[in-house]
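For reference, the structure is listed below as structure tokens.
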Amino acid sequence: MSILEELNWRGLVADCTDGAGLRKRLVSPTVVYCGFDPTADSLHAGNLVPLLALRRFQLLGHHPIAVAGGATGLIGDPSGKSQERQLITTEALEHNIARVRIQLARLLDFETRENPARLVDNSAWTQNVFYLDFLRDIGKHFSVNQMVAKESVRARMEDRESGISYTEFSYMLLQAFDFMVLARDYQCELQIGGSDQWGNITAGLDLCRRKLAKAVFGLTLPLLTNADGTKFGKTEAGAVWLDPKRTSPYRFYQFWINSDDRDVIRRLKYFTFLSSDEIGALEKQHAENPGARHAHRALAKALSDLIHGSAVTAEAIRASEILFGGRLEGIAESTFDEIVGEAPTKEIEKSKLDGAGLPLVELLVHAGLSASKGQARKDIQGGGVNVNNIREASETRSVTSNDLLFGKHVLLRKGKKNYVVVTAR
RNA sequence: GGUAGGUUACCCAAGUGGCCAACGGGGGCAGACUGUAAAUCUGCUGGCUUACGCCUUCGAUGGUUCGAAUCCAUCACCUACCA
């Protein structure tokens, strides 16, 4: 199967330039690139679509290049942003790139002999460029009229409150410059990115044609949306990160398990490497018995395996089974220990639970499950609070050392999904 | 620069002297039903308090009044029309 067929059946092609020409070109191995802006020290779920697309290219024999935006990250892409960005420091940027590099290495194969992935930092070819040279060599090929017409720029220019700085306005030129350098020095012929990157990608196409007289291609991937209209990759706790320090493997697993029914098949196509047959089978199972959620489980396991490895995934699955499995009575300490550290954990001084103990409302606030003591009382009155998986109806209840499981832990739950293990020390 | 209107809780928005911690909608949280869904229904949604109640909040500051989101003054910001 060709890469285009692969991307097409997965629904991963939003748009591409010169479809016929691209199809012809992709018959033989091609160098393809995608940029990642290191705005944080970890990638998040939203970055996965283009990143996994690179991997798909690699699996089918093409040469992927991941570009860490050391230079462009200093500027900030206005695409999809309604407000001017805060500039980040050079030191923070370098730290971010180093961290992101490690994550990239897990998903792309840098070792294979045939078509190893490469990671390059665009500051390598940008930092020594003089401003006047850049204006003369690159800037001359751009028409401000066209740049202004670009959706992301126009939206910001029309918004009198935020506006757009010259800095961000120039972003497009830098990304076009990247493509040109990669086309010239790395024989790169294709750039992929989210559909919000269309303008930036085509700008690079134009520059390559004018500077190098070289025809290159662009392909955009659909921006992911949720069936309920919310933004993909966000939870109440914020973005879903790949870094286990930011998003625990348990939460990561839960994020995918909680996919909306209407989204789950699409997500399987977008995010997993399961074959068309396998996904078809899951789709059939899902249609026949959605309650069993085979598709959700397959999705969550596949992603967790990919990002965190199968050993860690097994723990996350086990923790999920325990937490959502009902009563804790008779549970073995070793089993319970599996969820400690998986679910969010808070510590408390053991002495506070001596004697009369600590009011449950205070413990709820301490654990971060309720915003205030008043709110905690309302949560209890509403029947939403469980202690050690048993519903607690009394708002005057205190938690004492008698409530400790194995002399150490108290399992608090608010609602169906919000767990915190409080550990006494 | 002139004129008119506006600024209320997470967002939108009602309230034009006491009945206002402030109608309604959205969002959020929780409950029922379920499958850790969706849809639907119910409750909650400033803080402290077991509770009575107390405290803080309607752009900012000051004033009038027994009493101010509401009236007055000044300032800041926004919107529309005119220049």
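Numbering (this note's numbering), first residue to last: 1181 to 1605.
From the three backbone atoms N, C-alpha and C, an ideal C-beta is built for every residue, glycine too.
Buried versus exposed call for residue i [16 or more other C-beta atoms within 10 Å across all chains shown]
i            : result
residue 1215 : buried
residue 1638 : Since the displayed the chain opens at 1181 and closes at 1605, residue 1638 lies outside it and no answer follows.
residue 1430 : buried
residue 1605 : exposed
residue 1324 : exposed
residue 1237 : buried
residue 1328 : exposed
residue 1200 : exposed
residue 1586 : exposed
residue 1225 : buried
residue 1149 : Residue 1149 falls outside the range modelled here, since the chain spans only 1181 to 1605, and no answer is possible.
residue 1181 : exposed
residue 1374 : buried
residue 1230 : buried
Residue i to residue j span [Cα, whole Å]
i            : j            : result
residue 1297 : residue 1243 : 6 Å
residue 1598 : residue 1503 : 10 Å
residue 1399 : residue 1204 : 14 Å
residue 1340 : residue 1348 : Residue confidence for residue 1340 is low, a pLDDT of 49 falling below 50, so the modelled location carries little weight and cannot support an answer.
residue 1315 : residue 1402 : 33 Å
residue 1574 : residue 1476 : 36 Å
residue 1317 : residue 1258 : 23 Å
residue 1391 : residue 1360 : 8 Å
residue 1559 : residue 1458 : 43 Å
residue 1565 : residue 1592 : 7 Å
residue 1194 : residue 1188 : 9 Å
residue 1379 : residue 1330 : 7 Å
residue 1491 : residue 1362 : 38 Å
residue 1513 : residue 1547 : 22 Å
residue 1270 : residue 1256 : 13 Å
residue 1536 : residue 1584 : 14 Å
residue 1405 : residue 1383 : 26 Å
residue 1440 : residue 1320 : 48 Å
residue 1555 : residue 1532 : 22 Å
residue 1530 : residue 1590 : 11 Å
residue 1186 : residue 1419 : 28 Å
residue 1393 : residue 1322 : 16 Å
residue 1601 : residue 1505 : 16 Å
residue 1543 : residue 1522 : 20 Å
residue 1425 : residue 1413 : 17 Å
residue 1493 : residue 1481 : 7 Å
residue 1474 : residue 1427 : 24 Å
residue 1520 : residue 1471 : 28 Å
CB of residue i within 7 Å of CB of residue j, strictly
i            : j            : result
residue 1217 : residue 1253 : yes
residue 1183 : residue 1206 : yes
residue 1465 : residue 1213 : no
residue 1211 : residue 1388 : no
residue 1358 : residue 1275 : no
residue 1235 : residue 1288 : yes
residue 1247 : residue 1302 : yes
residue 1479 : residue 1436 : yes
residue 1579 : residue 1538 : yes
residue 1495 : residue 1509 : no
residue 1445 : residue 1463 : yes
residue 1545 : residue 1557 : no
residue 1453 : residue 1197 : no
residue 1223 : residue 1280 : yes
Rounded distance between the beta-carbons of residue j and residue i, thought under 8 Å
i            : j            : result
residue 1515 : residue 1603 : With a Cβ gap of about 16 Å, residue 1515 and residue 1603 do not count as contacting.
residue 1484 : residue 1433 : 5 Å
residue 1447 : residue 1407 : The pair is not a contact, with the Cβ atoms about 10 Å apart (cut-off 8 Å).
residue 1588 : residue 1550 : 23 Å between Cβ atoms; not a contact.
residue 1563 : residue 1571 : 6 Å
residue 1219 : residue 1268 : 7 Å
residue 1192 : residue 1233 : 6 Å
residue 1366 : residue 1245 : 6 Å
Per DSSP, cross-strand counterpart(s) of residue i
i            : result
residue 1421 : 1224
residue 1599 : 1593
residue 1538 : 1579
residue 1397 : 1370
residue 1405 : 1411
residue 1299 : 1246
residue 1571 : 1566
residue 1213 : 1245 and 1371
residue 1585 : 1589
residue 1485 : In DSSP, residue 1485 forms no bridge with anything.
residue 1196 : 1399
Contact test: residue i Cβ vs the ligand SAH heavy atom, cutoff 6 Å
i            : result
residue 1350 : The ligand content of the structure shown is nil, which means the ligand SAH is not present either.
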